[in-house]
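> Dropping the structure in here first, questions after.
Number of protein chains: 6
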Amino acid sequence: MKKPVIPVEPLPAFLVADAVRSALAEDLGRAGDITTAATVPASARAHAVLAAREPGRIAGLDFCIAAFRTLDPSIDVSISVPDGADVARGEAIAVIRGPARPILSAERVALNFTGRLSGIATATAHLVSLVAGTPARVTCTRKTTPGLRAFEKYAVRCGGGYNHRFALDDGILIKDNHIVAAGGLTRAIAAARSSAGHMVHVEVEVDRLDQLEEALAAGANSILLDNMSPDLLREAVRRTGGRAVLEASGNINATTIAAVAATGVDLISSGAITHSAKCLDLGLDFQTA
Amino acid sequence: MKKPVIPVEPLPAFLVADAVRSALAEDLGRAGDITTAATVPASARAHAVLAAREPGRIAGLDFCIAAFRTLDPSIDVSISVPDGADVARGEAIAVIRGPARPILSAERVALNFTGRLSGIATATAHLVSLVAGTPARVTCTRKTTPGLRAFEKYAVRCGGGYNHRFALDDGILIKDNHIVAAGGLTRAIAAARSSAGHMVHVEVEVDRLDQLEEALAAGANSILLDNMSPDLLREAVRRTGGRAVLEASGNINATTIAAVAATGVDLISSGAITHSAKCLDLGLDFQTA
Amino acid sequence: MKKPVIPVEPLPAFLVADAVRSALAEDLGRAGDITTAATVPASARAHAVLAAREPGRIAGLDFCIAAFRTLDPSIDVSISVPDGADVARGEAIAVIRGPARPILSAERVALNFTGRLSGIATATAHLVSLVAGTPARVTCTRKTTPGLRAFEKYAVRCGGGYNHRFALDDGILIKDNHIVAAGGLTRAIAAARSSAGHMVHVEVEVDRLDQLEEALAAGANSILLDNMSPDLLREAVRRTGGRAVLEASGNINATTIAAVAATGVDLISSGAITHSAKCLDLGLDFQTA
Amino acid sequence: MKKPVIPVEPLPAFLVADAVRSALAEDLGRAGDITTAATVPASARAHAVLAAREPGRIAGLDFCIAAFRTLDPSIDVSISVPDGADVARGEAIAVIRGPARPILSAERVALNFTGRLSGIATATAHLVSLVAGTPARVTCTRKTTPGLRAFEKYAVRCGGGYNHRFALDDGILIKDNHIVAAGGLTRAIAAARSSAGHMVHVEVEVDRLDQLEEALAAGANSILLDNMSPDLLREAVRRTGGRAVLEASGNINATTIAAVAATGVDLISSGAITHSAKCLDLGLDFQTA
Amino acid sequence: MKKPVIPVEPLPAFLVADAVRSALAEDLGRAGDITTAATVPASARAHAVLAAREPGRIAGLDFCIAAFRTLDPSIDVSISVPDGADVARGEAIAVIRGPARPILSAERVALNFTGRLSGIATATAHLVSLVAGTPARVTCTRKTTPGLRAFEKYAVRCGGGYNHRFALDDGILIKDNHIVAAGGLTRAIAAARSSAGHMVHVEVEVDRLDQLEEALAAGANSILLDNMSPDLLREAVRRTGGRAVLEASGNINATTIAAVAATGVDLISSGAITHSAKCLDLGLDFQTA
Amino acid sequence: MKKPVIPVEPLPAFLVADAVRSALAEDLGRAGDITTAATVPASARAHAVLAAREPGRIAGLDFCIAAFRTLDPSIDVSISVPDGADVARGEAIAVIRGPARPILSAERVALNFTGRLSGIATATAHLVSLVAGTPARVTCTRKTTPGLRAFEKYAVRCGGGYNHRFALDDGILIKDNHIVAAGGLTRAIAAARSSAGHMVHVEVEVDRLDQLEEALAAGANSILLDNMSPDLLREAVRRTGGRAVLEASGNINATTIAAVAATGVDLISSGAITHSAKCLDLGLDFQTA
């Protein structure tokens, strides 16, 4: 088995299994795969190769395995390119062997999960490659598909990215509306500190350097620098002098990210790696017996 | 309220409500929106405008409404650009008024649903616009996000597209592996007909014109012409002479679709409009009181 | 193992397992089988035969197997009369061997599922036998038990019947109220065609021969002939001349079905085979060791 | 509103609502009622009468109301023949008024629930009427539809019947296998008494009069007399002399029940009233505006 | 394996598994055990001993086993002190061996279930020991943790206690408000008898001896004597003379229970054994390799 | 309405509603409140006062309100002592008015939730009062009831306490086993930092002062001082000099906490306030009309 670029702790198997069962129920509908039942003999066996139709970073093979094996536990799936590893165009990722009917019936669910998660991993890995050599980490946001957040954040990790908040409850992120409502940035940070538990990190979003100074003075753990130019970011890094984690955000893409990373910020966040990643093109090639 | 380009029957409200509750639970986590609770007074009220940051076709506002109103039924959402209508860059889509805390806490869930579904509607509408004036309909596939298929197919309808199968059980689609397993195309179609109910439509995928002839002779209702050049497609249309519905598939995108549509096929299917649509960029602008 | 009259693709195992777990939870309640726990030693073993108390067609043995094996995976169930096969009065269908406690505790759930589904299969097979030698297929309706539709439609297939729509979404069936609302039959069919995907079959219900003509002209795929006499049905078959599938419906029972089938209609639908089928009388006979 | 023959405490509304939502989801499928959406204008209104096509006892109207109002809370349902009341052939049970689309879309779910439960109530009421004037109560069994037991037992109450155990945990019912395993009837009853809580009633099934004597001596609260002739039952009643509740079971139907009731037993149980009741034929008649 | 003081029929494994999966999902959150993933090598193995930090009665080990084995089925758990047995301070209850990561990640869920249920068993066993030598049984109430009632009642059985009603539906318990509403105790009992099935036991709560007489005359199966002094209880026992089961309730604790039991009542009920039991202090001791 | 000592953001209403519906389903069982249905006329109305039988801190009234209003939305609940406020013995907390049947049927679920959560709030408030005047905050642990963690942590906040981690995923807490596995404390902290996102706080548990020094040097955000004497704690505070948050843990109770707080630690954590809190004794007093 290929070595992953990024070794990632697998998702809990019982959560993967639940998601796959729901997806299979969605795709089998009420009468199941009526095409396969009508045309493929129950005794037929298949040998199929999951292959990449384009290069990318793999994520989500546990969903693929679960899709096949939920329909028939006798199906054997052997992985050659694991989650967190890169695949070349045309390269085989896994081989699936077993009864033909359940392999055909589970194919779409397997591909839908793995294609989507690999697409996110690939988009992430691309941005990560563009900031190589800088201290900047690429991080995701809460702009994820409803119901799939934990899985999409896992795919970000497979891509070499880092996770931002998983939900509204595992970190304080004070934005402009909060600042206005609280009566100013300093007050907002103080209010956050006084109500939050000690494990809760406080981040505040700022648009201007004077706000940065205020946030630093008020003791924010991190500061999100929203839509600042590289010049402003560089100045922010200089003024901060390591007193807080700095996150650059807004208009991050393959064209802009290198310049942002060069400013010395600690983090660069991107919503697009989850909300607008292209599905990685994967396919199942059936081998003639 | 703006008139939709495409009037679409709304999704059942109780299904939308269930999906939204799950997404809110995912985003609120265990402790809820701790930032807002710490910084925004319970008595604060907000007036926010949902606006488009880029032009597109809207879909999924019922999820947006449900997100706000599930957290607080006293929130008022009034829509000016409904599902199925086009929005210009900067145009207001809806106005949200009510207590500030639940509006802030539901914002991300609202945007995640509506941005994603509007992205699919926009991608669909774009392809639909490129085949205008031809008889071709744009149709989706089963390459959808696990768990969201019914919603994404709804978004396709908002984009002016048509839905292909919702699952493996609501239509026969005979592909190459089925043909091989059944011992040939004619046998596969016959097997399908003999087991399927009378409401079930039989489609068969072919790569070559001789297969097309066999499929027509065997009585397929529709024929999927896989990865054929416009010339071949045109010849397929000619030979079919209206005896079956013809669907072109494979390598469909904004560059290629017009030529495909010009061949006279009835349907053009695209996986990308669901599996790789970019999220439509929507934002919530809070008005100062 | 006996050969089935009708070979039927099994239901997905994970859906059967879910339904069985719910039913076991319903029957075990909060404290479980307190009678068995109090009176049967944990070490006792049982050898029981599932037998038919009356002749019939078997359906639903996977639920029976799952009921026993969910409570204790060490229970062995060996089937001699599989789904889709006929059983004689007194004939053994399966042998169950294992620890006595879980066999006794799962008995009622096993029998409730298999008795009900076999009852439906038996009622279907009876009607099917009465139309033997005619082209008519027996088909079911949406008059099924809430929550069990997919399973009851499976039982219809075990009985040699065919399935009509599984839900409101997998076929157009235009009835009198739709016709009135749409402003006539031709308009209704046109509206249906223009909104539905190409995989969707359009059927229309008619009471009179002039409506049949209109439906044929408008291009309906199937026509439901509601409550027509055999003479009218025969005339409908003659006028249609194969241009559409014809379904006879209304007042179908063991007394009337042969005459209806003799008219040459393609399909005869019956709600009673699902909504009013008698449970097949099955029992578990415990063998003395 | 007609007065019920049997006033029955309604089922908890939130449980009815859950069951109805599941059934609507099953019947609407992924795309909803595509026929109605295509043919009925959104503005159309309907006025429909739920009427009986045959006489019977009504049960389950809360499911009917919930089916319509879940799809559209603006639908008005007014009941004239409530649960527990008898309806004549052709009599109106309820009037439904509101937007036509959701009324048409919810119709089948409404009828499937109310038809089935009214069928059970009707079958029960028929047996109850045949034992009028005797002390015998008609009672149901655990031979119910998986997932619907609480609802079917409610229908039995609407029919004037009584409920036996709801599950394996709310009463001890010692049958022949338990007796053998426990080493005799006396031992089985003693074991039950020693482990069960004080709220738990102990019933034992016997085939012979000597077993009856043993059960009485051992202090059974109730005794199930299995498949005994009227003469034996009469003798059992005489010997028992009020020391235990006596339940007759086995081969109970409309032909046999009066003779059984005349023996003086306290209870007569029937599985057929739940597992094999015919659906009551109900229909929705749309009024022309 | 130590012999249990009280042999208790295990809970159905599939219900335990469901509860454990929910609890693991609650404790793993979205990103799982990030501490263990970061610090413990995937190849590390552990050998841990579940030990008691204080003496008590064990209950709930199936939850403990399920917690570890749901995360990794290769984990081996071997029990030396089973449910229903007593453990000494420092005594080993079970040994857990397998991969270190899932053992560390499941630890808290395992302890939370087993500590709580063992705490209930211990509190129950303590009261049971204080009434030894009297005929009195200790029984629980419906004052249980929402969602865990069946499990907590199981723990009571492990403690040697008996279960009262599991819910409002498996027994009639007439309290003061019911008596007032029904127009008196005799009427209330008569109303209960006339509506309840024959398996339903009728208990009535009384405060005074004259009410006891009325309840006995009206044929109550059990009588709950609320907050009576030992003298009054003794008089109640005398007057009842075995005609009904007598339950003492109110102000039951370790100080008072012996005197109450000495009065000759059949049952003594305590809410505190479920609603206010201290968690039994259990810990997992990791052995150095 | 009394002013709360601690104003706490309410839990999301839809999560409370779901938990209450499950608890009502558990308590109503299959047949509902058969006692009330039999004895209380449908027309009876009640006026009941929720009162404290002992002094304490209130938490969980939203569950109480939901319990009553889920069964009947016409029930009116008016609160005089809200969550986060203290109640005296005998003081009225809320008044419930409406139909008598649903008030009686929901009583136990209402009390079970509110009694348990108020018990936790009361135990927390007691510890909080004992550290008044020191900088120490009282915090909870993950030793909570499976399934109720978010609610119990809410109750801790009502008691004036703070929340520690909600799950294994929202903070790094490095304990002895992690340190051993990682090859030392410094390595463990470094590994945590390198894999965790920037919002993740890193805490490490130490037993000795030399470990404290190592943890400070390695940059831990917080340090858990396990089972240290007040003298050691005081020395730890001195050495730390504000470089990290210090949490004292182990053997914390009403007797020991003041001395621990006096050492100057920032946090004192207690498992007992959630896992072993006594239920607050609340009761519903029905007023005679």
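Chains as they are written, first to last, in numbering that gives the first Met the number 0: chain A, 0 to 288; chain B, 0 to 288; chain C, 0 to 288; chain D, 0 to 288; chain E, 0 to 288; chain F, 0 to 288. Backbone N, C-alpha and C fix where the C-beta goes; we use that ideal spot for every residue, glycine too.
(1) For residue 248 of chain B, which three-state DSSP category applies?
(2) Would the beta-carbon of residue 52 of chain A fall within 9 Å of that of residue 88 of chain A?
(3) So, for residue 96 of chain A: in the same chain, excluding its five sequence neighbours on each side, which residues have a beta-carbon less than 6 Å away from its beta-carbon?
(4) Per DSSP, what kind of secondary structure is residue 55 of chain C in: helix, strand or coil?
(5) From the beta carbon of residue 28 of chain D, is the nearest beta carbon of chain B less than 9 Å away?
(6) Can you confirm whether the segment 157 to 174 of chain E touches the segment 25 to 37 of chain F when touching is taken to mean that 3 or more C-beta pairs between the two stretches lie within less than 8 Å?
(7) So which of A:261, A:267, A:184 has the shortest CA-CA distance to residue 225 of chain A?
(8) Quick one, are the C-beta atoms of residue 232 of chain F and residue 205 of chain F less than 9 Å apart?
(9) Is the segment 5 to 14 of chain B touching the segment 270 to 285 of chain A, taking contact as three or more C-beta pairs under 8 Å?
(10) If I follow the unbroken alpha helix (DSSP H) through residue 108 of chain E, where does it start and stop?
(11) Find the residues of chain B that neighbour residue 81 of chain F, judging by a C-beta separation of less than 9 Å, and give them in chain order.
(12) Could you give the uninterrupted runs of the beta strand (DSSP E) lying entirely in the segment 148 to 211 of chain C, keeping only those of 3 residues or more?
(13) Relative to the C-alpha of residue 140 of chain F, which residue among F:156, F:128, F:129 is closest?
(14) What in chain F is Cβ-close to residue 171 of chain E, meaning under 8 Å?
(15) Would residue 188 of chain E pass as a contact of residue 218 of chain E if the rule is Cβ separation under 9 Å?
(16) Judging by CA-CA distance, which residue of D:230, D:150, D:111, D:269 is the nearest neighbour of residue 250 of chain D?
(17) If the cut is a Cβ gap below 7 Å, which residues of chain E does residue 230 of chain F touch?
(18) Strictly below 9 Å CB to CB, what residues from chain A border residue 70 of chain E?
(19) Is the shortest distance between the beta-carbon of residue 292 of chain D and the beta-carbons of chain B less than 9 Å?
(20) Determine the burial state of residue 44 of chain A: buried for a count of at least 16 other Cβ atoms within 10 Å of its Cβ, exposed for fewer.
(21) Residue 165 of chain F touches chain A at which residues, Cβ-Cβ below 8 Å?
(22) The segment 88 to 112 of chain C: which residues have C-beta closer than 9 Å to a C-beta of chain B, in chain order?
(23) Which of the three DSSP states, helix, strand or coil, is assigned to residue 267 of chain E?
(24) If you reduce the DSSP assignment to three classes, tell me which class residue 49 of chain B lands in.
(25) Which value, in whole angstroms, describes the spacing of the CA atoms of residue 248 of chain F and residue 236 of chain F?
(26) So which residues of chain D does residue 44 of chain F contact, with C-beta pairs closer than 7 Å?
(27) Does any residue of chain A bring its CB to less than 9 Å from the CB of residue 74 of chain B?
(28) Could you check how far apart the C-beta atoms of residue 135 of chain A and residue 265 of chain A are, in whole angstroms? I think they sit under 8 Å.
(29) Using a C-beta to C-beta distance shorter than 9 Å, which residues of chain E count as neighbours of residue 161 of chain D?
(30) Starting from residue 222 of chain F, trace the beta strand (DSSP E) both ways and give me its first and last residue.
(31) Taking the alpha carbon of residue 108 of chain D as the point to measure from, which residue in D:69, D:144, D:93 has its own alpha carbon closest?
(32) Return the residues of the segment 207 to 233 of chain F that lie within a Cβ-Cβ distance of less than 7 Å from chain A, sorted by chain order.
(33) Out of curiosity, what's the CA-to-CA distance linking residue 252 of chain B and residue 176 of chain B?
(34) Which residues share a DSSP beta bridge with residue 138 of chain A?
(35) Quick check on residue 96 of chain D: does DSSP put it in helix, strand or coil?
(36) With a 10 Å radius around its C-beta and 16 neighbouring C-beta atoms as the bar for buried, classify residue 40 of chain D as buried or exposed.
Taking the geometry as given:
(1) Counting from one through the second sequence, the residue named residue 248 of chain B turns up at place 249. Here residue 248 of chain B sits in strand by DSSP.
(2) Counting from 1 along the first sequence, the entry for residue 52 of chain A is found at position 53. Counting from 1 along the first sequence, the entry for residue 88 of chain A is found at position 89. Yes.
(3) Your numbering for residue 96 of chain A matches position 97 in the first sequence. Correct list, in chain order: 46, 75.
(4) Start at 1 with the first residue of the third sequence, and residue 55 of chain C comes out as number 56. Reduced to three states, the DSSP call for residue 55 of chain C is strand.
(5) Here residue 28 of chain D is taken as the residue at index 29 of the fourth sequence, counted from 1. So yes, residue 28 of chain D belongs to the interface.
(6) yes
(7) Working through the first sequence from its first residue, we reach residue 225 of chain A at position 226. Nearest option by C-alpha distance: A:267.
(8) For this step, residue 232 of chain F is matched to residue 233 along the sixth sequence. For this step, residue 205 of chain F is matched to residue 206 along the sixth sequence. No, the Cβ-Cβ distance between residue 232 of chain F and residue 205 of chain F is not below 9 Å.
(9) no
(10) Counting from 1 along the fifth sequence, the entry for residue 108 of chain E is found at position 109. Counting along the chain, the alpha helix (DSSP H) containing residue 108 of chain E begins and ends at 99 to 129.
(11) Here residue 81 of chain F corresponds to residue number 82 of the sixth sequence, with the count starting at 1. What residue 81 of chain F touches in chain B: nothing, since even the nearest Cβ is about 13 Å away.
(12) 171 to 173, 201 to 205
(13) For the purposes of this step, residue 140 of chain F is taken as residue 141 along the sixth sequence, with counting starting at 1. The residue with the shortest Cα to Cα distance from residue 140 of chain F is F:156.
(14) The residue labelled residue 171 of chain E in the question sits at position 172 within the fifth sequence. Within 8 Å Cβ-Cβ: 33, 34, 37.
(15) Taking the first residue of the fifth sequence as position 1, residue 188 of chain E is located at position 189. Taking the first residue of the fifth sequence as position 1, residue 218 of chain E is located at position 219. For residue 188 of chain E and residue 218 of chain E, yes; Cβs fall inside 9 Å.
(16) As a position in the fourth sequence, residue 250 of chain D is number 251, starting the count at 1. Nearest of D:230, D:150, D:111, D:269 to residue 250 of chain D, Cα basis: D:269.
(17) Residue numbering aside, residue 230 of chain F sits at position 231 when the sixth sequence is read from its first letter. Those do not exist, as residue 230 of chain F stays about 24 Å from chain E at its closest Cβ, beyond 7 Å.
(18) Taking the fifth sequence and counting its residues from 1, the one referred to as residue 70 of chain E is at position 71. What residue 70 of chain E touches in chain A: 11, 12, 13.
(19) Only positions 0 to 288 of chain D appear in this structure, which leaves residue 292 of chain D out of reach.
(20) Position 45 of the first sequence, counted from the start, is the residue given in the question as residue 44 of chain A. When all chains shown are included, residue 44 of chain A counts as exposed.
(21) As a first step, residue 165 of chain F is located in the sixth sequence; it is residue number 166 there, counting from the start. By Cβ distance, chain A contributes 168, 169.
(22) none
(23) The residue you call residue 267 of chain E lines up with position 268 of the fifth sequence. DSSP places residue 267 of chain E in strand when its eight states are reduced to three.
(24) Residue numbering aside, residue 49 of chain B sits at position 50 when the second sequence is read from its first letter. Residue state, collapsed to three classes: strand.
(25) Stepping through the sixth sequence from its first residue, residue 248 of chain F is reached at position 249. Stepping through the sixth sequence from its first residue, residue 236 of chain F is reached at position 237. If I take the Cα positions, the gap works out to 14 Å.
(26) Numbered from its first residue, the sixth sequence carries residue 44 of chain F at position 45. Result: empty, since nearest Cβ-Cβ is about 17 Å, beyond 7 Å.
(27) Here residue 74 of chain B refers to the residue found at position 75 when the second sequence is read from its first residue. Chain A, which has no Cβ nearer than 9 Å to the Cβ of residue 74 of chain B, makes this no.
(28) Within the first sequence, residue 135 of chain A is the residue found at index 136, counting from 1. Within the first sequence, residue 265 of chain A is the residue found at index 266, counting from 1. Residue 135 of chain A to residue 265 of chain A, Cβ: 7 Å. Contact.
(29) Counting from one through the fourth sequence, the residue named residue 161 of chain D turns up at place 162. 194, 195, 196, 197, listed in chain order.
(30) Taking the first residue of the sixth sequence as 1, we reach residue 222 of chain F at position 223. Residues 221 to 225.
(31) Locating residue 108 of chain D in the fourth sequence gives position 109, where the first residue counts as 1. Looking at the Cα atoms, D:69 is the closest of the given residues.
(32) 221
(33) Position 253 of the second sequence holds residue 252 of chain B. Position 177 of the second sequence holds residue 176 of chain B. About 26 Å.
(34) For this step, residue 138 of chain A is matched to residue 139 along the first sequence. In DSSP, residue 138 of chain A forms a bridge with A:161, A:268.
(35) Position 97 of the fourth sequence, counting from 1, holds the residue named residue 96 of chain D. Of the three classes helix, strand and coil, the one that applies to residue 96 of chain D here is strand, per DSSP.
(36) As a position in the fourth sequence, residue 40 of chain D is number 41, starting the count at 1. The residue is exposed, with fewer than 16 neighbouring Cβ atoms inside 10 Å.
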